[in-house]
Amino acid sequence: MNVPQTWGLGPIKVRAITNGEVEMVAPLTGSGYSVSGCSGGGGVSSGGSGGVVFRCGEGPAATINDVMSLKVVNILATAAVLRIDPAK
-13 MNVPQTWGLG
-3 PIKVRAITNG
7 EVEMVAPLTG
17 SGYSVSGCSG
27 GGGVSSGGSG
37 GVVFRCGEGP
47 AATINDVMSL
57 KVVNILATAA
67 VLRIDPAK
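Below, the structure is given as structure tokens:
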């Protein structure tokens, strides 16, 4: 799914749904990355051309780059419902 480039991420892709978590990957479009509220990791090169992997389970929304809210609303066996909004 595409998000505004000003949020610091390129298109977010779901890579896996396992063990009650949704694993997502996204390229970075800026020079930094932060996540609060779900596990995550990754790296960025000095040119901003890195990527991140983050995993979130159902529950409270995570805040990404202080501008994006990502909530896993529901996880089914092979699908998940995600809600992405501007951070409040």
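Counting with our numbering, you get residues -13 to 74 for the letters of the sequence shown.
Note that beta-carbon positions come from the ideal geometry of N, C-alpha and C, so glycine has one too.
The C-alpha of Thr(-8) lies about 12 Å from the C-alpha of Gly18. Check the Cα spacing between Val38 and each of Asn60, Thr64, Ser20 and Leu68: the tightest is with Ser20. If you draw a straight line from the Cα of Asn5 to the Cα of Val(-11), it comes to about 26 Å. In the DSSP assignment, Met54 falls within the unbroken beta strand (DSSP E) covering Met54 to Ile61. Excluding the 5 residues flanking it on each side, Met10 has same chain C-beta neighbours closer than 6 Å at Ile(-2), Val0 and Phe40, in chain order. Within the DSSP bridge table, the entry for Ser22 names Thr49 as partners.
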